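In our numbering, the protein residues as written are 177 to 591.
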């Protein structure tokens with residue numbers, strides 16, 4: 177339960193700058209992409225290891241953008257070996273983790289078929305910040321030759337090149353719709369216009385119901401076919417002025433300028449029925465698709481882009497919670513939007529402190545407002561209702577109460 181207050185041996189200011197660099201790439205919690213999957217495959221094949229990982233590291237976890245040989249998608253900071261590599265400028269090579277005092281007591285080492293060989297190379301931005309790692313892992317001790325080490329360095333450079341290309345891209349490679357970054361940039365322009373002219377604007381977020389079950393039953397290739405078919409079905413329904421983007425794995429967003437809540441709900445229903453009509457000949461059993469929709473309208477006196485999308489997300493969550501395959505309008509569920517305060521999107525290292533400071537949990541602060549915050553963490557299940565949120569880099573501290581609890585995030589109300 178207790179986490180070290182300085183998980184990385186970095187000055188607080190340097191860690192804050194590093195997290196700013198992570199945020200710049202806007203890649204956390206995005207779906208798999210072939211370029212990074214291929215690099216993970218190359219690591220495994222070139223070095224003959226069992227497991228390969230391409231990861232980013234925020235304030236509380238190592239998150240896997242691509243991996244082979246492991247079912248995990250992320251690991252808490254306190255459990256990852258890569259925290260020791262992050263302050264470095266070159267690869268960290270561990271020939272036998274069972275003989276290394278840093279790792280020998282780790283459950284990942286002590287487990288049957290546990291970790292022995294571990295190689296980790298920081299992913300370094302052009303301005304010198306380590307935002308993640310590329311890893312090669314095996315259950316047998318081994319060494320890296322000089323040649324292998326140089327190949328490892330080059331693969332890390334290729335990862336960073338791909339991240340730079342991705343940062344500049346505006347079109348999602350699989351579906352052909354806007355990327356999350358491009359969607360946000362275009363949507364913020366519409367939001368600014370709606371605020372200036374006090375005009376109507378609405379947002380829709382939706383995702384495919386039980387998409388994991390589709391991947392598990394029919395395979396990931398079939399999941400890709402579904403996503404592409406969904407995009408093709410949606411685009412003809414939208415106007416040329418509307419914005420359509422992929423926000424996550426199976427989650428999408430739509431911005432509807434000059435549309436009030438009633439008009440947006442009508443669009444959401446058209447989209448929902450269009451997806452129900454999709455057919456995939458040859459699938460056994462027959463593959464049918466539905467989606468859940470959240471709809472929210474812009475309040476020019478209170479909303480920004482983030483709060484508008486948050487409202488739509490809360491409505492989407494309600495649609496999922498109440499049965500799926502539904503369109504639900506926002507009804508004032510979140511602390512930030514209910515109180516109509518301006519959310520400031522951030523990416524900062526935080527600590528949740530409780531039990532008279534006997535327990536400290538690393539978290540990533542994703543948004544702040546006057547009387548609250550949104551934080552991400554590996555699991556919210558063990559966090560009590562009353563905590564103290566600390567942001568060490570700014571020497572900030574707030575007593576808070578959990579207002580909304582999700583599996584991997586919390587909304588906190590200060591005071």
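Using N, Cα and C, we set each Cβ at its ideal position, and we do this for glycine too.
Treat the numbers as computed from the prediction; the structure is a model and nothing was measured.
Quiz item: If we call anything under 8 Å between Cβ atoms a contact, is residue 232 one with residue 308?
Solution: Taking the chain shown and counting its residues from 1, one reaches residue 232 at position 56. Taking the chain shown and counting its residues from 1, one reaches residue 308 at position 132. At the C-beta level, residue 232 and residue 308 come within 8 Å of one another.
Quiz item: Three-state secondary structure (DSSP) at residue 364?
Solution: If you number the chain shown from 1, residue 364 lands on position 188. When DSSP states are grouped into helix, strand and coil, residue 364 belongs to the helix group.
Quiz item: Going by alpha carbons, who is nearest to residue 493 out of 413, 380, 262, 209?
Solution: In the chain shown, counting from the first residue as 1, residue 493 sits at position 317. When only C-alpha atoms are compared, the closest one is 380.
Quiz prompt | Unbroken stretches of the alpha helix (DSSP H), 4 residues or longer, contained in the region 274 to 332 | solution = Runs found: 283 to 286.
Self-check item: Residues near residue 251 in its chain [Cβ-Cβ closer than 7 Å; skip 5 each side]
Solution: As a working note, residue 251 is residue 75 in the chain shown. Once the five neighbours on either side are set aside, the close Cβ partners of residue 251 are 237, 238.
Quiz item: To which residues does DSSP link residue 487 through a beta bridge?
Solution: The count along the chain shown starts at 1 and reaches residue 487 at position 311. In the DSSP output, where bridge partners are listed per residue, residue 487 has none listed.
Practice problem: Check residue 198 in the structure and name its three-state DSSP category. | Solution: For the purposes of this step, residue 198 is identified with residue 22 of the chain shown, where counting begins at 1. In the displayed model, residue 198 falls within a helix according to three-state DSSP.
Self-check item: Helix, strand or coil at residue 523 [DSSP, three-state]
Solution: As a first step, residue 523 must be located in the chain shown, where it is residue number 347. Here residue 523 sits in strand by DSSP.
Self-check item: Whole runs of the alpha helix (DSSP H) within the region 349 to 432, excluding any shorter than 4 residues
Solution: With a minimum length of 4 residues, the continuous alpha helix (DSSP H) runs that stay inside the region 349 to 432 are 356 to 373, 387 to 394, 396 to 410.
Quiz prompt | Where residue 536 sits in the DSSP three-state scheme | solution = Position 360 of the chain shown holds residue 536. Correct three-state label for residue 536: strand.
Quiz prompt | Whole-angstrom distance between residue 531 and residue 338, CA atom to CA atom | solution = Within the chain shown, residue 338 is the residue found at index 162, counting from 1. Within the chain shown, residue 531 is the residue found at index 355, counting from 1. Distance between residue 338 and residue 531, taken at the CA atoms: about 44 Å.
Quiz item: How big is the Cα-Cα spacing for residue 234 and residue 477?
Solution: Indexing the chain shown from 1 puts residue 234 at position 58. Indexing the chain shown from 1 puts residue 477 at position 301. Computed Cα separation, rounded: 33 Å.
Quiz item: Of all the CB atoms in chain C, is at least one closer than 8 Å to the CB of residue 210?
Solution: Among the chains of the structure shown, chain C does not appear; only one protein chain is present.
Quiz item: Per DSSP, what kind of secondary structure is residue 227 in: helix, strand or coil?
Solution: Along the chain shown, one-based indexing puts residue 227 at 51. The answer is strand: DSSP assigns residue 227 an E or B state.
Exercise. Report back the beta-carbon spacing between residue 195 and residue 525 to the nearest angstrom; my notes put them in contact at under 8 Å.
Key: In the chain shown, counting from the first residue as 1, residue 195 sits at position 19. In the chain shown, counting from the first residue as 1, residue 525 sits at position 349. With 8 Å as the limit, residue 195 and residue 525 qualify as a contact, their Cβ atoms being about 6 Å apart.
Practice problem: Could you tell me which residues DSSP puts in a beta bridge with residue 577? | Solution: The count along the chain shown starts at 1 and reaches residue 577 at position 401. Paired residue(s): 562, 589.
Practice problem: Would you be able to state if there are at least three C-beta pairs under 8 Å between the region 255 to 266 and the region 560 to 575? | Solution: Output reads no: the region 255 to 266 does not touch the region 560 to 575.
Practice problem: Report yes or no: do the region 462 to 477 and the region 489 to 507 share at least 3 C-beta pairs separated by less than 8 Å? | Solution: A contact exists between the region 462 to 477 and the region 489 to 507.
Quiz item: Short check: CB of residue 359 to CB of residue 423, under 8 Å?
Solution: As a position in the chain shown, residue 359 is number 183, starting the count at 1. As a position in the chain shown, residue 423 is number 247, starting the count at 1. Yes, the Cβ-Cβ distance between residue 359 and residue 423 is below 8 Å.
Exercise. Determine which residues share a DSSP beta bridge with residue 240 and list them.
Key: Within the chain shown, residue 240 is the residue found at index 64, counting from 1. Residue 240 is bridged to 231.
Quiz prompt | Alpha-carbon spacing of residue 260 relative to residue 446, whole angstroms | solution = Working through the chain shown from its first residue, we reach residue 260 at position 84. Working through the chain shown from its first residue, we reach residue 446 at position 270. The straight-line gap from Cα to Cα measures roughly 51 Å.
Quiz item: By Cβ distance, which residues of its chain are closer than 6 Å to residue 456, with the 5 residues on each side in sequence left out?
Solution: As a position in the chain shown, residue 456 is number 280, starting the count at 1. Excluding sequence neighbours, residue 456 sits near 463.
Quiz item: What number of angstroms, rounded off, separates the C-alpha of residue 319 from the C-alpha of residue 254?
Solution: On the chain shown, residue 319 is found 143 positions in, with the first residue counted as 1. On the chain shown, residue 254 is found 78 positions in, with the first residue counted as 1. Answer to the nearest angstrom: the Cα atoms are 26 Å apart.
Quiz item: In whole angstroms, what separates the C-alpha of residue 420 from that of residue 412?
Solution: Counting from 1 along the chain shown, the entry for residue 420 is found at position 244. Counting from 1 along the chain shown, the entry for residue 412 is found at position 236. So the alpha carbons of these two residues sit roughly 11 Å apart.
Exercise. Starting from the C-beta of residue 210, find all residues in its chain whose C-beta is less than 8 Å away, skip the five residues before and the five after it, and write them out in chain order.
Key: Here the question's residue 210 lines up with position 34 in the chain shown. Around residue 210: 349.
Self-check item: Secondary structure of residue 466, DSSP reduced to three states
Solution: Sequence index remark: in the chain shown, residue 466 carries index 290 (1-based). Residue 466 falls in the coil class under three-state DSSP.
Quiz item: For the beta strand (DSSP E) that contains residue 503, what are its first and last residues?
Solution: Within the chain shown, the letter at position 327 stands for residue 503. Element bounds for residue 503: 503 to 505.
Self-check item: Presumed contact (8 Å Cβ cut-off) between residue 216 and residue 243, rounded CB distance
Solution: Within the chain shown, the letter at position 40 stands for residue 216. Within the chain shown, the letter at position 67 stands for residue 243. Yes, residue 216 and residue 243 are in contact; Cβ-Cβ is about 6 Å, under 8 Å.
Exercise. Take residue 324 and list the residues in its own chain whose beta-carbon comes closer than 7 Å to its own, dropping the five residues that flank it on each side.
Key: Your numbering for residue 324 matches position 148 in the chain shown. The beta carbon of residue 324 lies closer than 7 Å to those of 223 in the same chain, with the five residues before and after it left out.
Practice problem: Name the two residues that bound the continuous beta strand (DSSP E) containing residue 549. | Solution: In the chain shown, residue 549 corresponds to position 373, counting from 1. Start and end: 548 to 552.
Quiz prompt | Close-in-space but distant-in-sequence residues of the same chain around residue 557 (CB under 8 Å, 5 per side omitted) | solution = For the purposes of this step, residue 557 is taken as the residue at position 381 of the chain shown. Contacts found: 583.
Quiz prompt | Distance CB(residue 228)-CB(residue 257) smaller than 8 Å | solution = Start at 1 with the first residue of the chain shown, and residue 228 comes out as number 52. Start at 1 with the first residue of the chain shown, and residue 257 comes out as number 81. No; because the gap between Cβ atoms is not below 8 Å, this pair is not in contact.
Exercise. Let me know the secondary structure DSSP gives residue 252 once reduced to three states.
Key: Locating residue 252 in the chain shown gives position 76, where the first residue counts as 1. If DSSP states are grouped into helix, strand and coil, residue 252 belongs with the strands.
Quiz item: Leaving out the 5 sequence neighbours to the left and right, which residues in its chain are closer than 7 Å to residue 327 when beta-carbon positions are compared?
Solution: Your numbering for residue 327 matches position 151 in the chain shown. Excluding residues within five positions, the ones whose Cβ falls inside 7 Å are 222.
Self-check item: 6 Å Cβ shell around residue 516 - same chain, five flanking residues per side excluded
Solution: Locating residue 516 in the chain shown gives position 340, counting from the first residue. Interpretation of residue 516 is limited by its pLDDT of 48, a score under 50 that renders its predicted location unreliable; no figure is taken from the coordinates.
Self-check item: Whole-angstrom distance between residue 415 and residue 409, CA atom to CA atom
Solution: Here residue 409 is taken as the residue at index 233 of the chain shown, counted from 1. Here residue 415 is taken as the residue at index 239 of the chain shown, counted from 1. Near 13 Å, if we compare the C-alpha coordinates of residue 415 and residue 409.
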